[in-house]
Amino acid sequence: MGFLLMFSSSFGQTFFIALSGSEIRQAYGLTSGEFGSLYMILTLASALILSQIGFVLDTYRLKIIILLSVIFLAAGAFLIGISPNILTLFSGLFLLRLFGQGMMLQCAFTALGRWFVRERGRAVSLSALGLNAGEAVLPISFVAMSVAFDWRIAWVAIAGLLLVVALPILLSLSQTEREPDHTEAIENTAKTKSWSRGEVLRDPYFFLLLLGVLPPAVISSSVFFHQSTMAEVRGWSENVFASSFTVYACVAVLTLLIAGPIVDRFSTLKVLPLHLLPLSAGCWLLWTVDQAWSMYAFMALYALTDAFSLTMFGSLWPDVYGTRHLGAVRGVLTAILAFATAIGPGVSGLLIDYGIELSTQVIFMGAYCVAVVPILLMVTQQIRSRLSLVAG
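Residue numbers (the numbering used here): 183 to 574.
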């Protein structure tokens, strides 16, 4: 179920929405900065709402939440396909962001965080293959359908697939509520205090951890959202980006197969400080090399970082803050993640309008990934000490 939830969330992710970025800008006469700013606003709005409704996963059956999420996600895709004006278009985009990137992922990560204890990292990494499968298959399929028919027809087809294929399968898989093994649950409760949402937000270490958690989302959303602009500046075919996702997916799948066991063996807190280094190298390559192969290299290196990031995003928070209030805590986390992915394209778009190309911006993104490593090493050491005191 986690695999399919993450696969279906692809339709609300920036990498997929950006495939129609050029057509949307042309249809409504928007610059990169204007489109990025509007996208930022609606994503921030969805993040604000998500932070307030995360508790429903602690209150209602998962099956009900999945049902509503898929219906609203399909509605968003349908609105984009039929949009007669910009208001309808951005209503559809808002639904995609709230229920695709937001609730679908939150359902997956919250369920996995509760259901698995000893092999939580492995469970998350295997489920995250669904997102990688989406990144490998959907961009090329969507571009092909858009060329053969029309980008609007492709979005209407997505709505139909969600309702006719994804929804029945997800409802069938969520019929029975799963509980973690009793022994594992007792051991986990003894080792980790369950923090409420308010307690987490008052913990300074929470915000310091975000310094290492957010960069992959911010950087990737900026690059993916403005992919057509970079292609125009460097003279690349737009197929370069669609095909580069296949490279990303292949590397990510292979990495995910080892990321889960590594995280389970060495702990999330030990892996977190170093996982940004491949992404930093990818940013450096994208800045220094104009040829199209630099995009493939960037995607391969980003895949290494993202595979560990996805695995740790599912296991870090229950490891540090417990599982009792995990739905509410994840609501805040997913909202912050959505906020970060909104800021990235918005700010990058404005900088592009002011003459600072994305290929220049990425070197500063890469420099940040290196600079934050010492901070994360210090923070994770402090958290490990705190957890050992609680366990003792």
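Even for Gly, the Cβ is constructed at its ideal location relative to N, Cα and C.
Bounding residues of the alpha helix (DSSP H) (the contiguous stretch that carries residue i)
| i | result |
| --- | --- |
| residue 172 | Examination of residue 172 is not possible in this model, given that the chain is present from 183 through 574 alone. |
| residue 429 | 421 to 448 |
| residue 575 | Because the chain in this structure spans residues 183 to 574, residue 575 falls outside the shown range and cannot be described. |
| residue 416 | 409 to 416 |
| residue 470 | 459 to 470 |
| residue 254 | 244 to 264 |
| residue 380 | 379 to 383 |
| residue 286 | Taken as a continuous stretch (DSSP letters only), residue 286 belongs to no alpha helix (DSSP H), as it is neither H nor E. |
| residue 183 | Looking at the DSSP string, residue 183 is not in any alpha helix (DSSP H), and its letter there is neither H nor E. |
| residue 268 | 268 to 278 |
| residue 344 | It is not in any alpha helix (DSSP H) - residue 344 carries neither H nor E in the DSSP assignment. |
| residue 549 | 540 to 553 |
| residue 394 | 386 to 395 |
| residue 226 | 214 to 235 |
| residue 211 | Taken as a continuous stretch (DSSP letters only), residue 211 belongs to no alpha helix (DSSP H), as it is neither H nor E. |
| residue 577 | Only positions 183 to 574 of the chain appear in this structure, which leaves residue 577 out of reach. |
| residue 202 | Neither: residue 202 is in no alpha helix (DSSP H) and is coded neither H nor E. |
| residue 354 | 349 to 355 |
Sequence-distant residues of the same chain with beta carbon closer than 6 Å to residue i, five excluded per side
| i | result |
| --- | --- |
| residue 225 | 279, 520 and 524 |
| residue 526 | 400, 403 and 404 |
| residue 281 | 251, 254 and 255 |
| residue 548 | 462, 465 and 466 |
| residue 257 | 277 |
| residue 217 | 207 |
| residue 468 | 476, 480 and 544 |
| residue 324 | 201 and 336 |
| residue 369 | In this prediction, residue 369 has a pLDDT of 44, which is less than 50 and means its spatial position is unreliable; what the coordinates show is noted afterwards. So the list is empty, once near-sequence residues are dropped. |
| residue 407 | 196, 200 and 527 |
Classification of residue i by the beta-carbon crowding that lies within 10 angstroms, buried from 16 upward
| i | result |
| --- | --- |
| residue 197 | buried |
| residue 250 | exposed |
| residue 571 | exposed |
| residue 462 | buried |
| residue 445 | buried |
| residue 365 | The pLDDT assigned to residue 365 is 43, lower than 50, so where the model puts this residue is not dependable, and the model offers no usable value. |
| residue 351 | exposed |
| residue 384 | exposed |
| residue 357 | exposed |
| residue 426 | buried |
| residue 269 | exposed |
| residue 557 | exposed |
| residue 565 | buried |
| residue 333 | buried |
| residue 317 | buried |
| residue 363 | Because the pLDDT at residue 363 is just 49, under 50, the model does not fix this residue reliably, and the value given afterwards should be weighed accordingly. So residue 363 counts as exposed. |
| residue 503 | buried |
| residue 347 | exposed |
| residue 563 | exposed |
| residue 321 | buried |
| residue 187 | buried |
| residue 472 | exposed |
| residue 382 | buried |
| residue 583 | Not covered by the structure: residue 583. The range shown for the chain is 183 to 574. |
| residue 372 | Confidence in residue 372 is poor, its pLDDT being 45 and thus under 50, which makes the residue's placement unreliable; the coordinate value appears in the next sentence. Classification of residue 372: exposed, given that the 10 Å Cβ count is below 16. |
| residue 448 | exposed |
| residue 331 | exposed |
Cβ neighbours of residue i in the same chain (closer than 8 Å, five flanking residues each side left out)
| i | result |
| --- | --- |
| residue 271 | 206, 210, 261, 262 and 265 |
| residue 409 | 200, 203, 420 and 423 |
| residue 438 | 307, 308, 310, 311, 314, 489, 492 and 493 |
| residue 413 | 419, 420, 422 and 423 |
| residue 246 | none |
Cutoff 7 Å; reference residue i; Cβ partners in own chain excluding five residues on either side
| i | result |
| --- | --- |
| residue 533 | 543 |
| residue 153 | For residue 153 there is no data in the structure shown, the boundaries of the chain being 183 and 574. |
| residue 559 | 455 |
| residue 292 | 239, 508, 509 and 512 |
| residue 522 | 396, 399 and 400 |
| residue 215 | 531, 532, 534 and 535 |
| residue 435 | 311 and 314 |
Min CB distance residue i to chain B below 7 Å
| i | result |
| --- | --- |
| residue 470 | Of the protein chains in this structure there is only one, and it is not chain B. |
task = Answer yes if the region 429 to 438 comes into contact with the region 207 to 218, meaning at least three C-beta pairs across the two stretches below 8 Å, and no otherwise.
result = no
query = Below 8 Å, can you find three or more Cβ-Cβ pairs linking the region 508 to 515 to the region 474 to 488?
reply = no
Validate contact between the region 186 to 194 and the region 502 to 509 using beta carbons, cut 8 Å, 3 pairs = no
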